[in-house]
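Below is one structure, written out as structure tokens, with a few remarks after it.
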Amino acid sequence: MGSSVGRKFSYCLVPFSSQAGKSSKLNFGSHAVVSCHEVKSTPLLTDDTFYYLTLEAVGVGEERIQFSDSSSGTRSGTGNIITDSGATLTIEPEDVLNELSKAANNQVEGQRAEDLSGFLSLYYSNLKVPVITAHFTGADVNRSNFR
Numbered sequence: 001m002g003s004s005v006g007r008k009f010s011y012c013l014v015p016f017s018s019q020a021g022k023s024s025k026l027n028f029g030s031h032a033v034v035s036c037h038e039v040k041s042t043p044l045l046t047d048d049t050f051y052y053l054t055l056e057a058v059g060v061g062e063e064r065i066q067f068s069d070s071s072s073g074t075r076s077g078t079g080n081i082i083t084d085s086g087a088t089l090t091i092e093p094e095d096v097l098n099e100l101s102k103a104a105n106n107q108v109e110g111q112r113a114e115d116l117s118g119f120l121s122l123y124y125s126n127l128k129v130p131v132i133t134a135h136f137t138g139a140d141v142n143r144s145n146f147r
């Protein structure tokens, strides 16, 4: 299907809690142009097996944690995050996760708690969090966009 639509697609997801009558959109080929000042866009990269995005940094409040060049995932040296719409968790390189955990722990207001599932290293109750921003190539997406 990729070549039949010029290898282009776009989608816009409305918030889950949006009003009735509003729907998400999926466009292919020449209809895949999205032009609105609120649109966030980042290149979708491919390799033999996966689709990748390039996450340059993660912001926790005012602190910015850069990804190192060694965290690229494709042979061309670009793309460091595999996109998997079926994945529940995001897995980051250990050095980035350690820095992110330290920054979040310094800024989160809440009581640290044990995650009984054993999957999460940062787990809180009564949580008040700083703004978390994912800095992709060409698009910064903060927590307010994840509603």
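In terms of UniProt numbering, the sequence shown is residues 1 to 147.
In this text, a Cβ means the ideal position worked out from N, Cα and C, and glycines have one as well.
Nothing here was measured: the structure is a model prediction, and the numbers come from that model.
The alpha-carbon of S117 is positioned some 36 Å away from that of V39. With 16 or more neighbouring CB atoms inside 10 Å of its own CB, V60 falls in the buried class. Residue pairing of S10 in beta bridges, as defined by DSSP: N27. Non-local beta-carbon contacts of Y11 in its own chain, meaning distances under 6 Å to residues more than five positions away in sequence, involve L26 in chain order. Fully enclosed beta strand (DSSP E) runs of no fewer than 3 residues occupy 63-66, 109-112, 124-128, 132-136 of the stretch 61-141, in order along the chain.
The alpha-carbon of N105 is positioned some 8 Å away from that of L122.
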